[in-house]
Amino acid sequence: MRNFISKLILLALVACAGQPAFAGVVFDNGVPDLQGAFMSDISPYPNPNPNLPEGEVSADNFRLATPTVVNAVRFWGLYSLEGPVPPVPDTFVLGFFNNVEIIPGINLPESVANELPIVRDPISVSRTLTNMLLTVFDPNIGDFVNFPIFEYYAIFPDLLIPANEIKWLSIVNVTDQDDPNWFWATSDPNAGLSGVAFTSAFSQDQGIIWFGDFNNLAFQLESIPEPQAWLVWGGLGAIGLMAATRAPRRR
């Protein structure tokens, strides 16, 4: 019996070796530094081509040390409207882009004509008002204005990210033209992987035209374990407990 259990556990460990990791937060690009925010909000443009929206998309880069399945992201942002409660619901879309090195040391999301990035529509998104404020000076009123910062948590279908490759994550809120715009909060430039990309130009022939900026955006990528994994380890634990408590046979 002991030999059987030992072999079973060994087989389980071998099966798990080399598999994508599930381990909570797998990339931390920092929390809001309360210094700024990048607009990342688009509205369907009123013309016959639905691929040319109006607005701006922001993205930030990341790199993982091991092959990892990601399926959740925590991020922070705000709205172009004072007050604690946004007047409209959010419609977030997540995009994952490959990287292209424009010149040595300068990276941007890859944009291929007539191709879209890997899109992950969130399964669920929660929104929580934090006690953080972004304070900016409004020259139109000659005074400072406080914008409440919200924390969001989005769960999306599994996506395997290879090891040691720069990837880009875009988070954009799709809203009507008359609604307040959404802004992605910045984080400490020394956190995570430095570099932000943004765009206000969309071209069906050239793909998305990106521009670079030396900033960071506030987000954390997570890997939520699959329930099946817990069942496997729970089953092995039960077998081990049975073996440990089983009475020895009399000879």
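Just so it is clear: in the sequence shown, position 208 is 208 by this note's numbering, and no numbers are missing.
For each residue, glycine too, the CB sits at the ideal point set by N, CA and C.
Spatial distance of residue i from residue j (CA atoms)
| i | j | result |
| --- | --- | --- |
| A154 | S80 | 21 Å |
| D179 | Q35 | 24 Å |
| I166 | I141 | 42 Å |
| T130 | A218 | 14 Å |
| W230 | I209 | In this predicted model, W230 has a pLDDT of only 39, less than 50, meaning its place in the structure is not dependable; the value taken from the coordinates is given anyway. Cα to Cα, W230 sits roughly 43 Å from I209. |
| P225 | G24 | 8 Å |
| N71 | E110 | 22 Å |
| V145 | P67 | 43 Å |
| F150 | N98 | 28 Å |
| N47 | A65 | Its pLDDT being 45, under 50, N47 is placed unreliably in this model, and the coordinates cannot settle the point. |
Assigned exposure category for residue i - 16 Cβ within 10 Å defines buried
| i | result |
| --- | --- |
| T128 | exposed |
| N173 | buried |
| V119 | exposed |
| T175 | buried |
| T186 | buried |
| G77 | buried |
| G105 | exposed |
| D121 | exposed |
Sequence-distant residues of the same chain with beta carbon closer than 6 Å to residue i, five excluded per side
| i | result |
| --- | --- |
| S126 | Y153 |
| S58 | F38, S40, W184, F198 |
Delimiting residues of the beta strand (DSSP E) encompassing residue i
| i | result |
| --- | --- |
| V73 | 68-79 |
| Q35 | 32-39 |
| Q220 | 219-223 |
| T186 | 182-187 |
| E56 | 54-62 |
| V88 | Neither: V88 is in no beta strand (DSSP E) and is coded neither H nor E. |
| W173 | One point to set straight first is that residue 173 is Asn, not Trp, in the sequence displayed. 167-174 is the extent of the beta strand (DSSP E) around N173. |
8 Å Cβ shell around residue i - same chain, five flanking residues per side excluded
| i | result |
| --- | --- |
| D138 | F144, V145 |
beta-carbon residue i near the ligand ADP non-hydrogen atom, thresh 8 Å
| i | result |
| --- | --- |
| G142 | Ligands displayed in this structure: none; no statement on the ligand ADP is therefore possible. |
Own chain, CB closer than 7 Å to residue i, minus 5 neighbours either side, in chain order
| i | result |
| --- | --- |
| D188 | G30, D33, N216 |
| L108 | V100, I102, A197, W210, G212 |
message: If we require 4 or more residues per run, which alpha helix (DSSP H) segments fall completely within the region 100-158?
response: none
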